[in-house]
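In case it helps, numbering that gives the first Met the number 0 puts the sequence shown at residues 0 to 833.
Beta carbons are placed, not taken as given, at the ideal position from N, Cα and C, and that holds for glycine.
Everything on this sheet refers to the single structure shown next.
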Amino acid sequence: MLTRHVTRVLVTHQIHFLKEADWIVVLNDGKIEMQGTPGDLSKSDNDFAQLLEQDVSDEEDEEEKETDDQTMISSSRRSSTKSVSASRNTLSGKEAADGEKGKDNHKEQAHQMEATSKGVVKGSISWNYIKAGGSIVLPFVVVVLYALTQMFASFTDWWVSFFTEQEEMRTYYSSNNISVEITSPFNENFDQVKNITKMVEVFNSTLNMTLTEAEEETVGYLVSTDFLIAVHGTIVVLIFLIGILRSIGFFTMAVRASQKMHDGMFSSLIRAPMRFFDTNPSGRILNRFSKDMGAVDELLPKAILDAGQIILNMIGAIIVTTTVQPIFLILVCVLGVIFWFIRKVYLKTSKNLKRLDGITRSPVFTHLAASLNGLSTIRAYGAQTGLIKEFDAHQDIHTASYYMYISTSTAFGLSLDIVCLVFLCCVTFYFLIADDGAMGGQVGLAITQTMSITGLLQWGIRQSAEVANQLMAVERVLEYRDLEQEKQPMKLAPITKDWPTAGKIEFRQVVYRYYEGAEAVLKGLNFVIYPKEKIGIVGRTGAGKSSLIGAIFRLAKVEGDILIDGVNSATISLENLRSHVSIIPQDPVLFSGTIRRNLDPFEEYPDSALWQALEAVELKDIASGSLGLQGMVATGGGNFSVGQRQLVCLARAILRNNKILVLDEATANVDPHTDSLIQKTIRERFADCTVLTIAHRLHTIMDSDRILVMNFGLVEEFDIAHTLLQKPNGLLRDMVMTTGPQESERLIEMAKEKYESMAKIMEQFSFKELYMLSDKETSRIYLETVLFVQRTIVRAISGTCCIATVFGFTVTLLSNDLRQIVGVNLVLPVFSSF
Numbered sequence: 000m001l002t003r004h005v006t007r008v009l010v011t012h013q014i015h016f017l018k019e020a021d022w023i024v025v026l027n028d029g030k031i032e033m034q035g036t037p038g039d040l041s042k043s044d045n046d047f048a049q050l051l052e053q054d055v056s057d058e059e060d061e062e063e064k065e066t067d068d069q070t071m072i073s074s075s076r077r078s079s080t081k082s083v084s085a086s087r088n089t090l091s092g093k094e095a096a097d098g099e100k101g102k103d104n105h106k107e108q109a110h111q112m113e114a115t116s117k118g119v120v121k122g123s124i125s126w127n128y129i130k131a132g133g134s135i136v137l138p139f140v141v142v143v144l145y146a147l148t149q150m151f152a153s154f155t156d157w158w159v160s161f162f163t164e165q166e167e168m169r170t171y172y173s174s175n176n177i178s179v180e181i182t183s184p185f186n187e188n189f190d191q192v193k194n195i196t197k198m199v200e201v202f203n204s205t206l207n208m209t210l211t212e213a214e215e216e217t218v219g220y221l222v223s224t225d226f227l228i229a230v231h232g233t234i235v236v237l238i239f240l241i242g243i244l245r246s247i248g249f250f251t252m253a254v255r256a257s258q259k260m261h262d263g264m265f266s267s268l269i270r271a272p273m274r275f276f277d278t279n280p281s282g283r284i285l286n287r288f289s290k291d292m293g294a295v296d297e298l299l300p301k302a303i304l305d306a307g308q309i310i311l312n313m314i315g316a317i318i319v320t321t322t323v324q325p326i327f328l329i330l331v332c333v334l335g336v337i338f339w340f341i342r343k344v345y346l347k348t349s350k351n352l353k354r355l356d357g358i359t360r361s362p363v364f365t366h367l368a369a370s371l372n373g374l375s376t377i378r379a380y381g382a383q384t385g386l387i388k389e390f391d392a393h394q395d396i397h398t399a400s401y402y403m404y405i406s407t408s409t410a411f412g413l414s415l416d417i418v419c420l421v422f423l424c425c426v427t428f429y430f431l432i433a434d435d436g437a438m439g440g441q442v443g444l445a446i447t448q449t450m451s452i453t454g455l456l457q458w459g460i461r462q463s464a465e466v467a468n469q470l471m472a473v474e475r476v477l478e479y480r481d482l483e484q485e486k487q488p489m490k491l492a493p494i495t496k497d498w499p500t501a502g503k504i505e506f507r508q509v510v511y512r513y514y515e516g517a518e519a520v521l522k523g524l525n526f527v528i529y530p531k532e533k534i535g536i537v538g539r540t541g542a543g544k545s546s547l548i549g550a551i552f553r554l555a556k557v558e559g560d561i562l563i564d565g566v567n568s569a570t571i572s573l574e575n576l577r578s579h580v581s582i583i584p585q586d587p588v589l590f591s592g593t594i595r596r597n598l599d600p601f602e603e604y605p606d607s608a609l610w611q612a613l614e615a616v617e618l619k620d621i622a623s624g625s626l627g628l629q630g631m632v633a634t635g636g637g638n639f640s641v642g643q644r645q646l647v648c649l650a651r652a653i654l655r656n657n658k659i660l661v662l663d664e665a666t667a668n669v670d671p672h673t674d675s676l677i678q679k680t681i682r683e684r685f686a687d688c689t690v691l692t693i694a695h696r697l698h699t700i701m702d703s704d705r706i707l708v709m710n711f712g713l714v715e716e717f718d719i720a721h722t723l724l725q726k727p728n729g730l731l732r733d734m735v736m737t738t739g740p741q742e743s744e745r746l747i748e749m750a751k752e753k754y755e756s757m758a759k760i761m762e763q764f765s766f767k768e769l770y771m772l773s774d775k776e777t778s779r780i781y782l783e784t785v786l787f788v789q790r791t792i793v794r795a796i797s798g799t800c801c802i803a804t805v806f807g808f809t810v811t812l813l814s815n816d817l818r819q820i821v822g823v824n825l826v827l828p829v830f831s832s833f
């Protein structure tokens, strides 16, 4: 009524909704296949028209008996509603309380903030990074190579200074015609010189050289120029070779550390409990694998390399400088203390800002990922503006924190520059004022080394701070590497490779919680599912249907026992348990890669088996392109429709050929054709398997062997569908009636046909072919099924024999037809006498 003056467009694959439409447009492969009114389309000759005609004819029949049926159904629904309300008053109160509590819990989970540490980086973080690079030998060798490189580099600086002094002396002797006596190929002896003061030209500069009285007794040595050049060249070559070895070693260590940390984080993540994924959005996880791992891959090794080189260069420069003027060592120590104090003040702020930068980046990734996944919906509702504002708000918060981090880094660098400038001025004025007779080479060496020391000290402090900041990324990666893991059994039960061989599932006092201390979502379940049974699982939202499947796969804490073919699932490793039970989820999952990798990621099956599985789900034509099984699948299966992705998952299950198959509302989002194809394939391919189906559409489970009705974590009803529908206050009957008159009648008819087909098979069977078997499996038959079969047998034999239940003895019906229809190998507690 509210939208009667509004044009309404409904996009659906639910055929029964179309009878209310004024105009129908049928699309196929992106093209309009047909269009018209429901009546016009029902008269055309195609599959869609046949489906539509069936709905239209049902509608006409419904109109003819509308008055009688509506009266009967309304009365039935009113009485059912009153009975249900009367019998569940306390339950409704509990539902409301549980609903509020669940709402609060959900809110608490949704708003759980990302954890962050405080204060300085722990030493264990650095140690973990070093250990990730390999054994302790490799880091030690790299440090030694760094030290050797710096030792030779510092020696080169000293050798150049020595070279300069030798050439000064050589030029002085040559200009004054002083004779020298060469005593070795490496040096020349020269005569003693007293009180000689002369201006000489040395390398185009004027040098006032005075040999004082203290030098009168000194014998000078001049080293040959060729030897000086040879030594310098040799040292340069050694620096080059050692530098290459050092780089290779450091590169190997950094790559190993990065790869090991990534693999460790990924391995820990895929073994994390489901609660972790419930409380952490995908953007937060992507942030760790993108930005944080990017820092570990690139920024941290570069910072460590720079910091290591600078520290060694600084040590070498200090040693060389103090050989000329030892007093400089005191000044350098004072400078180092000042720098360290500034660094300490800076790191207190920068580390927390770096952590804040990582935390505020996660909402940006989360919002972006969610927007990309729902892009079509956003455009359909015209919500671009609102989402852009939300994204800008997240980005503004992140930009603000990152800007603060950059600002503090700039202020830190400016402080270091000012201190370095003051120190360099002090050193320069010292040489201008002091007259200590230092030679030009020594003065030049001292000033250049002082400039080098200040520059290195400044940059070294910066890079050491950068290392500390980038270790924040290692800290965040290690947090995910050390996540709480799913608990594995302490003692494993021996199982065969083809386990389970029958597919029997038994719940014994099973209580299921999503995490320690949480309220139980399954509350003391007790029931048995027998081999080859087809079980439909229904219930209202929050009844515990999906939790039941989670308990089978042990996705969270399970109390009690779940036996699969007599083996407690708590004594089976999670890998074995989950790989031997197949599941087809509501949202099919495909991975980026080839079709083969999606069907058989571990390459356990030949190509012929894969083609057979694809043919069974009618996907062989799609995969038979030029690349075949090597055809690519886009991320998330984007190049396949929802139905095709679901069929690929079904093909996976066919390949695995497990004895237990779980369908978690697998047909909820597919078209009727794909739905019928999935149902047909399951009936044919999994006839000898135990199948559990969580129903979104009731008609998909009404022909199941039994229906399990869940309500607030308890088994409300569990029996044949037809039997449950006879209960006036039954929950299944209530759910069927709420689907509407036409749909409820169809569902009731489906359950009745299933019931009668079972009875018909029993009546046609010759009971003279019954065989007595001594067995102790009597108690495994559900009581309602036993009574139903017994009643059918009594009707069939019309009193020609007596039937008595004898516990401890069973009779097996040897009928393949019966097994296919009923879905189980019925073992009846019946003693027959003719």
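- Ranked by how close their Cα comes to the Cα of Asp-481, the residues Pro-272, Lys-658, Arg-539 have Pro-272 in first place.
- Taking a contact to require three or more Cβ pairs closer than 8 angstroms, the stretch 568-583 and the stretch 482-501 qualify as touching.
- Contact annotation: Gly-335 and Ser-153 have beta-carbon atoms that are not nearer than 8 angstroms.
- CA-CA distance, Thr-6 to Glu-19, rounds to 14 angstroms.
- Here the C-alpha atom of Ser-743 lies approximately 8 angstroms from the C-alpha atom of Thr-737.
- Across the structure, Asn-279 and Asn-567 are spaced so that their CA atoms are roughly 31 angstroms apart.
- The way I'd put it, the stretch 645-661 does touch the stretch 678-696; three or more beta-carbon pairs between them come closer than 8 angstroms.
- For the set Thr-148, Val-466, Trp-610, Ile-387, the Cα lying nearest the Cα of Ser-408 is the one of Val-466.
- Distance from the CA atom of Val-708 to the CA atom of Ile-747, rounded to whole angstroms, is 16 angstroms.
- DSSP links Gly-538 through a beta bridge to Met-709.
- The stretch 155-171 makes contact with the stretch 224-236, as at least three CB pairs between them are under 8 angstroms.
- DSSP, read as helix, strand or coil, puts Lys-679 in helix.
- In this structure, the alpha-carbon of Val-10 lies about 19 angstroms from that of Asn-372.
- The shortest CA-to-CA distance from Met-252 to any of Ala-131, Ser-370, Val-333 is the one to Ala-131.
- Nearest to Asp-560 by C-alpha distance, out of Leu-491, Gln-394, Gly-523, Val-537, is Gly-523.
- Exclusion of the five residues before and after Leu-147 leaves Ile-241 as the residues of its chain whose Cβ lies within less than 6 angstroms of its Cβ.
- Residue burial annotation: Cys-419 is buried, with at least 16 other C-beta atoms found within 10 angstroms of its C-beta.
- Looking from the CA of Leu-697, the closest CA among Thr-689, Ile-706, Ala-294 belongs to Ile-706.
- Within the stretch 510-589, the runs of beta strand (DSSP E) that reach at least 3 residues and sit entirely inside it are, in chain order, 521-528, 533-538, 556-563, 581-583.
- Cβ-Cβ distances below 6 angstroms link Asn-468 to Ser-349, Lys-353 in the same chain, with the five nearest sequence neighbours on each side left out; the list follows chain order.
- Nearest to Val-520 by alpha-carbon distance, out of Val-509, Phe-526, Ile-528, Val-527, is Val-509.
- Between Asn-710 and Ala-542 a beta carbon distance of about 5 angstroms is seen, short of the 8 angstroms cut, so the two are scored as contacting.
- Rounded to whole angstroms, His-393 and Leu-662 show a C-alpha spacing of 39 angstroms.
- Taking 4 residues as the minimum length, the alpha helix (DSSP H) runs contained wholly in the stretch 343-416 are 374-379, in order along the chain.
- A straight line joining the alpha-carbon of Arg-255 with that of Ile-310 spans about 24 angstroms.
- For the set Pro-671, Phe-590, Gly-642, the Cα lying nearest the Cα of Val-632 is the one of Phe-590.
- Membership of Met-489 in any alpha helix (DSSP H) is not indicated, and neither H nor E is assigned to it by DSSP.
- Judged by DSSP in its simplified three-state form, Val-5 adopts coil rather than helix or strand.
- Residue environment: Gln-308 is assigned as buried (16 or more neighbouring CB atoms within 10 Å of its CB, all protein chains considered).
- Taking Thr-359 as reference, the option from Pro-587, Ala-399, Val-331, Ser-463 with the minimal CA-CA separation is Ala-399.
- The three-state secondary structure of Asp-670, taken from DSSP, is coil.
- Membership of Leu-298 in any alpha helix (DSSP H) is not indicated, and neither H nor E is assigned to it by DSSP.
- Minimum Cα-Cα distance from Gln-629 among the listed residues Gly-642, Ser-125, Leu-598, Ile-432 corresponds to Leu-598.
- Relative to Leu-455, the option among Trp-22, Gln-34, Ala-306, Ile-243 whose CA is nearest is Ala-306.
- The residues Lys-619, Ala-622, Ala-650, in chain order, have a CB closer than 7 angstroms to that of Leu-613 in the same chain once the five nearest residues on each side in sequence are set aside.
- Inter-residue distance for Gly-263 and Met-292 is about 12 angstroms (C-alpha atoms, whole angstroms).
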